Structures are given as structure tokens and as C-alpha cells.
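**Q**
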Amino acid sequence: MSPLFPCLYAAEPREAIRFGEKSLTHAELAGAAGSLARRLTGAGRVAVWATPTPQTVVGVVAALVAGVPAVPLNPKTGASELAHIVRDSTPTVVLASEGDQLPPALDGLVRIDVPLSGTVDQLPPEPADDAPALIVYTSGTTGPPKGAVLPRRALAATLDALQEAWGWTADDVLVHGLPLFHVHGLILGVLGPLRRGGSVRHLGRFSVDGVTRELSAGATMLFGVPTMYHRIAEVVGEDRELMKALAGARLLVSGSAALPAPDHRRIAQATGRAVIERYGMTETLMLCAVPASLADGSAHPGTVGPPLPGVELRLADEADGIGEIQVRGPNLFSGYLNRPDATVAAFTEDGWFRTGDLASLDADGRVRIVGRKATDLIKSGGYKIGAGEIENALLDHPGVREAAVTGEADPDLGERIVAWVVPSDPESPPTAEELTDHVASELSPHKRPRVVHFLTELPRNDMGKIMKRALHV
Ligand code: MCA
Ligand code: AMP
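Residue numbers for the sequence shown follow the numbering used here, so the first one is 33 and each next one is one higher.
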């Protein structure tokens with residue numbers, strides 16, 4: 033197979049990554065990652081403590097160069113979720129930055145502090161196309177997150193399809209502030225520029241000011257989740273510098289959740305640039321994208337564009353023009369780690385992956401996502417969160433007798449997590465903050481309920497099943 037990152041092998045002296053003051057060229061990245069890769073050979077799987085730092089990039093690239101699957105970890109993951117991921121993925125090594133405090137769940141692993149420099153004469157040969165590259169944990173409706181095994185061919189296929197749709201080249205400079213433990217920030221946002229031989233400037237954490245600064249200083253593309261574009265849309269009308277910076281960008285791309293039409297319009301009106309949407313999943317990588325030719329303001333809100341080159345897409349069980357998106361293609365994952373049952377269930381008998389997303393196709397073949405099959409999946413700030421995992425965490429709290437979790441529309445987050453709780457002792461219920469902190473520290477801060485309602489009982493049907501539709505105030 034041709035290399036995943038040809039510019040590393042060519043050891044180009046152009047900037048590859050920048051985090052604040054720290055930047056590395058492709059050549060420097062090749063040296064640091066190549067020398068680390070030598071220490072990883074034969075390691076089984078390596079966990080990466082995925083802080084928004086150059087160490088995370090060097091660590092992931094080193095694992096890919098060594099042909100050792102990497103498991104990116106959210107450094108804010110709580111105790112139960114982290115224990116599950118470590119038990120499930122059994123890494124032998126954890127890559128971190130010098131000075132990082134690692135939690136006890138990682139005590140049994142060999143720790144390597146990632147160097148930002150190094151030399152290497154020759155990078156090792158590329159592993160086979162189907163070799164696993166990354167294992168990315170993603171939530172389902174019930175149970176703990178599952179590890180999606182992403183082969184190298186899926187990474188290459190999706191990044192090359194986006195190159196075609198967007199004319200993405202080595203001259204593009206991407207800016208974003210996305211987390212580096214999910215597909216959006218890591219694969220699209222870091223490995224994308226590296227595969228093209230271009231560069232990425234990471235903001236450390238998202239801020240509108242950071243976007244203004246980097247787009248004004250030569251960045252050509254912005255990637256973000258709708259919450260980030262909402263925050264931009266809220267201020268763009270009054271912020272001339274931001275307006276100018278966005279107007280000068282080649283591409284403003286939104287993904288991970290639906291971009292609300294009012295936010296799309298506010299940005300287009302202020303800047304003359306349309307935010308273009310692309311659609312995908314952890315398991316499938318990217319499926320559809322609005323082409324770059326529509327970024328001049330002609331892209332319509334609400335469509336995620338046609339299927340990308342190489343992606344086969346059909347709507348199943350159509351009624352009134354709406355059906356479930358099912359897909360095939362080289363961009364798909366190879367299965368859930370240790371979960372053959374879940375892998376089989378994710379595909380139809382004739383081999384199509386069921387996305388669970390509901391859509392219609394317009395006359396030009398563009399996909400319009402209208403909802404999803406499962407009501408127990410919540411998209412908050414672009415993160416996918418299963419109601420079941422939060423309910424289980426709440427039920428683990430001694431002050432909780434019964435719990436149900438729903439998603440509610442939120443202008444900033446898209447959906448906010450709402451918990452409905454029957455306390456064990458109605459005379460002295462836990463506080464909402466106690467329960468929120470409990471979920472944040474066991475699972476992840478972004479999985480914490482933003483609203484908690486206390487009830488004397490949950491509405492149930494004759495079968496005893498909780499009727500979530502009846503849960504509203
Ligand atoms: C608040 N915090 C707490 C608590 N309350 N920590 C512990 N316990 C608590 N009770 C902390 C949080 O950790 C956070 O810290 C800070 O307070 C603010 O939290 P929060 O309000 O949640 O953050 P936010 O500012 O509202 O975040 C908005 C965001 C974020 C920046 C848009 O949601 C985000 O980064 N979303 C990106 C999700 C994403 O990449 N999804 C891609 C997956 P601190 O601020 O220090 O962190 S989907 C995917 O990959 C597919 C393939 C696709 O299509 O893209
Ligand atoms: P995840 O499992 O976290 O990778 O999230 C994948 C899900 O995010 C998809 O199944 C969709 O429901 C949603 N999604 C991603 N991009 C978009 C988009 N542009 N518009 C609407 N939903 C999206």
C-alpha cells in the first residue's frame with residue numbers, strides 16, 4: 033500500500049502542526065514519530081492520552097507508522113468509563129506528555145512520555161490496508177461505549193474522498209479546536225492535513241477569538257461542530273474582524289450534528305460564505321459532503337450533499353420519501369472490538385451498514401437528514417451520548433431509585449441531556465449538582481445532565497416500561 037502520510041516519508045520541511053507557540057514540520061514530525069515508532073513495534077495496542085497537544089499527534093502518528101493500533105483516550109473520561117475502555121481494549125502502553133497525571137486505571141500500562149524531536153534514517157514499511165489503525169470508542173443506545181476498529185484503508189479512503197469534494201491540497205491550512213479523541217478532530221482535523229501534506233493549527237480549546245486570529249493569519253479552512261458555529265453566529269453580526277476573517281476563508285465546514293438553518297443564514301449574510309456540511313459516523317467515517325464549489329454562499333442549509341466518491345448509499349424502508357441511510361464502501365470500520373454480536377447487528381443480511389439516521393434524497397441526489405431511528409441517542413455539542421449509559425450511572429448513585437434520561441432541544445448544544453429521577457429517600461433527595469458531578473466523574477463531563485427533574489414516580493405503561501414521551505414539564 034502507498035503510505036498513509038507520503039509527506040512524512042518525503043520528510044518535507046513545511047509546517048505540519050501548530051499548537052500555540054509549538055510547531056513541527058513534516059520532517060520534524062517524521063523524526064519524532066519515527067523514533068518513537070521504533071519503541072512501539074510489537075506493543076499490541078497503545079493508548080494515547082489525547083490532550084490537545086503536539087504530543088498526541090506525534091503519539092498517534094508513531095503508532096500508525098509502527099503499525100500498532102492506537103486507542104485515543106479522552107483525558108476527562110471518568111473512572112468507570114475509563115476502566116471499561118482499558119479492560120476492553122487491553123493496551124500495553126500509554127503515550128502521554130511529560131508531567132501528565134494519569135489516573136489509576138492506567139497504572140498497569142508501560143508509560144512512555146512522547147518526545148517532540150528525534151531522528152530516524154528510514155521509516156518502517158507500511159502495514160497492510162486492512163490492518164487496524166485506530167480504535168475509537170462510541171456510544172450506543174444501551175450499555176457502555178463500543179470500540180470501533182478503523183482500518184488504514186478506511187482512513188485513506190475517507191480523506192481522499194474529501195480531497196476530491198473539497199479540492200483539499202497541501203496549501204490548505206486548517207484551524208480547529210476539536211477534541212483529539214474522536215473522528216472529527218483526530219482523523220479529519222489532524223490526519224487529514226497530514227495526508228495532504230498541508231498543516232493544522234489547533235486552538236487548544238475552541239474560542240471565537242482563536243478562530244478570528246488564525247483565519248486572519250493565513251488559515252484557509254475551519255472545521256467545527258454546530259455548537260461552535262452557533263457561537264460564531266451569535267457574534268458575527270457585530271464583530272467586523274471575525275466577519276472579515278470568515279469571509280476570507282476558503283472553506284467553513286460543519287459536521288457531527290445538524291447545523292441549524294438560522295446559524296447557517298446568519299453567517300452567510302454577514303460573510304458571503306456558506307458553511308458547508310458533511311455527514312458521517314465513527315463507524316463509517318465520512319459519507320456525504322457538500323462540494324467546495326457551493327461555499328461561495330450558494331449552499332443551502334439542511335443538506336449534507338451527495339454521497340462522497342466510493343460511498344454507496346441507499347434509503348431503506350422508505351415511507352413518504354424518508355428512509356434509513358444504509359451504506360457500503362472502503363471507508364467503513366471492520367467491526368466493534370470484542371463485540372461480534374453488535375457488529376452483526378449493525379449490518380443488514382446483504383452487507384449494508386445501518387446508520388440509524390433517517391433522510392430523504394432531493395432531486396439532485398443530495399441527502400437531507402431529518403432525524404434518527406433511536407430516540408435514546410442524544411447529540412449534545414456534537415458528542416453522541418446514549419441515554420442508557422447515563423441512566424445506569426445515575427442508578428449507581430445511592431440516592432437514586434429510578435432514572436430516565438432524555439434529550440431536549442438546546443440552541444447552543446443542539447440537544448441537552450435531561451435526567452428524570454425518583455430519589456431513594458424522598459425526604460432527603462440528592463442535589464442536582466451531586467448527580468451531575470457523579471455522572472461527570474464516572475463517565476465524562478460532556479455526558480453530565482444539564483437539567484435534573486425530581487419526580488415521585490416515572491410514567492410507565494402496562495408492561496412496566498418507562499414512557500419517555502410522557503416526560504416533560
Ligand atoms: C463543567 N465542567 C465540569 C463539570 N461542569 N467538569 C466536571 N464536572 C462537572 N460537573 C467542565 C467541562 O469539563 C469543561 O471543561 C467546562 O467545564 C465546560 O464544559 P461544557 O459546558 O461541557 O463545555 P462546552 O464549552 O459547552 O463545550 C462545547 C464544545 C464541546 C466546545 C462545542 O461540546 C466540544 O468540544 N464538542 C466537540 C464534540 C466532537 O468533537 N464530536 C465529534 C464526535 P473544559 O472546557 O476544560 O473542557 S462525532 C464524529 O467524530 C463523527 C464522525 C462526525 O460526524 O464528526
Ligand atoms: P458519532 O457516532 O459520534 O460518530 O456520530 C455520528 C452521528 O452524528 C451520525 O449518525 C449522525 O446522526 C450525526 N451527524 C454527523 N454529521 C451530521 C450532519 N452534518 N448533520 C446531521 N447529523 C450529523
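Each residue gets a CB set at the ideal place from its N, CA and C atoms; glycine is no exception. Computed from a predicted model, the values in this text were never measured in an experiment.
#1: Return yes when the Cβ of proline 258 is within less than 8 Å of the Cβ of leucine 291, no when it is not.
#2: Does the ligand AMP have even one heavy atom less than 7 Å from the beta-carbon of arginine 227?
#3: What first and last residue would you give for the beta strand (DSSP E) that runs through alanine 48?
#4: Going residue by residue through the stretch 153-219, where are the continuous alpha helix (DSSP H) segments of at least 4 residues, counting only ones entirely within it?
#5: In whole angstroms, what is the alpha-carbon distance linking alanine 79 and glycine 269?
#6: Taking only heavy atoms of the ligand MCA into account, decide whether any of them is closer than 7 Å to the Cβ of histidine 429.
#7: Under 8 Å, do proline 104 and alanine 75 count as touching if we go by C-beta distance?
#8: Compute the beta-carbon to beta-carbon distance between valine 402 and threonine 335, rounded to the nearest angstrom, for a pair I have assumed lies under 8 Å.
#9: May I ask you to report which of helix, strand or coil DSSP gives proline 491?
#10: Along the chain, which unbroken stretches of the beta strand (DSSP E) at least 3 residues long are found entirely within the stretch 88-160?
#11: Exposed or buried, which one is methionine 495 when buried takes at least 16 other CB atoms within 10 Å?
#12: Threshold first: 4 residues or longer. Then list the alpha helix (DSSP H) segments lying entirely within the stretch 354-405, N to C.
#13: Any heavy atom of the ligand MCA inside 7 Å of the beta-carbon of alanine 406?
#14: Do the stretch 92-103 and the stretch 158-165 meet, that is, are 3 or more Cβ pairs less than 8 Å apart?
#15: Within 10 angstroms of its Cβ, does arginine 272 collect 16 or more other Cβ (buried), or is it exposed?
#16: Following a CB-centred definition, is aspartate 394 positioned closer than 7 Å to any heavy atom of the ligand AMP?
#17: If you follow the alpha helix (DSSP H) that glutamate 266 is part of, which residue opens it and which one closes it?
#18: Counting C-beta neighbours from all protein chains within 10 Å, is the total for aspartate 428 16 or more, i.e. buried, or is it exposed?
#19: Please say whether alanine 327 and arginine 297 have beta carbons closer to each other than 8 Å?
#20: At the level of alpha carbons, what is the spacing between glycine 312 and histidine 478?
#21: CA-CA distance, isoleucine 417 and proline 177?
#22: Is serine 288 near the ligand AMP - that is, is its Cβ less than 7 Å away from at least one heavy atom of it?
#23: Any heavy atom of the ligand MCA inside 7 Å of the beta-carbon of leucine 223?
#24: Contact between the stretch 406-417 and the stretch 453-471: three or more CB pairs below 8 Å?
#25: Assuming the contact rule is C-beta atoms closer than 8 Å, glutamate 47 and serine 231 should be a hit. Round their C-beta distance to whole Å, please.
#26: Within this structure, are the beta carbons of serine 149 and glycine 91 separated by less than 8 Å?
#27: If we count the other Cβ atoms within 10 Å of its Cβ and call it buried at 16 or more, is aspartate 389 buried or exposed?
#28: Please report the straight-line C-alpha distance between phenylalanine 486 and valine 453, rounded to a whole angstrom.
#29: Sort out for me which residues DSSP pairs glutamate 344 with in a bridge.
#30: Decide if serine 239 is buried, meaning its Cβ has at least 16 other Cβ atoms within 10 Å, or exposed.
#31: For the ligand AMP, is there a heavy atom less than 7 Å away from the beta-carbon of isoleucine 144?
#32: For the ligand AMP, is there any heavy atom lying closer than 7 Å to the beta carbon of threonine 387?
#33: Can you round the beta-carbon distance between leucine 138 and valine 118 to whole angstroms, since I take them to be within the 8 Å contact cut?
#34: Secondary structure at aspartate 469, three-state DSSP: helix, strand or coil?
#35: Kindly indicate which residue of Leu220, Gly337, Ile449 has the alpha-carbon position closest to the one of threonine 407.
#36: Please determine whether the Cβ atom of glycine 312 lies at a distance below 7 Å from any heavy atom of the ligand AMP.
**A** Taking the definition as stated:
#1: Pairing leucine 291 with proline 258 gives a Cβ-Cβ distance under 8 Å.
#2: In terms of side-chain proximity, the C-beta atom of arginine 227 is found no nearer than 7 Å to any non-hydrogen atom of the ligand AMP.
#3: It spans 47-51 - the beta strand (DSSP E) in which alanine 48 sits, taken as one unbroken run.
#4: Runs of the alpha helix (DSSP H) inside the stretch 153-219: 184-198.
#5: Take the alpha-carbon of alanine 79 and the one of glycine 269: they are about 43 Å apart.
#6: Not one heavy atom of the ligand MCA lies closer than 7 Å to the C-beta of histidine 429.
#7: With contacts defined as CB atoms closer than 8 Å, proline 104 and alanine 75 fail to qualify as a contacting pair.
#8: With a beta-carbon spacing of about 11 Å, valine 402 and threonine 335 fall beyond the 8 Å limit used to define contacts.
#9: Assignment of proline 491 by DSSP, reduced to helix, strand and coil, places it in the coil class.
#10: 102-105, 125-128, 142-145, all fully within the stretch 88-160.
#11: Methionine 495 is exposed by the Cβ-count criterion.
#12: DSSP runs (the alpha helix (DSSP H)) wholly in the stretch 354-405: 372-378.
#13: Alanine 406: no, Cβ never under 7 Å from the ligand MCA.
#14: Between the stretch 92-103 and the stretch 158-165, the count of Cβ pairs shorter than 8 Å is three or higher; the stretches touch.
#15: Burial call: exposed.
#16: Aspartate 394 Cβ: outside cutoff for every heavy atom of the ligand AMP.
#17: Residues 258-268.
#18: Flag for aspartate 428 reads exposed.
#19: Cβ atoms of arginine 297 and alanine 327: not closer than 8 Å.
#20: Computed Cα separation, rounded: 20 Å.
#21: Those two C-alpha atoms are separated by around 9 Å.
#22: The answer is yes for serine 288.
#23: The closest heavy atom of the ligand MCA lies 7 Å or more from the beta carbon of leucine 223.
#24: They do not touch, by the three-pair rule.
#25: Contact between glutamate 47 and serine 231 holds, since their C-beta atoms are separated by about 5 Å, short of 8 Å.
#26: It is not a contact, given that the beta carbons lie outside the stated cut-off.
#27: Buried, by the Cβ-count rule.
#28: Straight across, the Cα-Cα distance linking phenylalanine 486 with valine 453 is about 5 Å.
#29: Its beta-bridge partners are Arg360.
#30: Answer is exposed; the Cβ neighbour count stays below 16.
#31: The answer is no for isoleucine 144.
#32: Taking 7 Å as the cut-off, one finds at least one heavy atom of the ligand AMP near enough to the beta carbon of threonine 387.
#33: For a cut-off of 8 Å, the C-beta gap from leucine 138 to valine 118 is around 7 Å, short enough to register as a contact.
#34: Residue state for aspartate 469 is assigned as helix, using DSSP reduced to three classes.
#35: Of the listed residues, the one whose Cα sits closest to threonine 407 is Ile449.
#36: Flag set: Cβ of glycine 312 near the ligand AMP.
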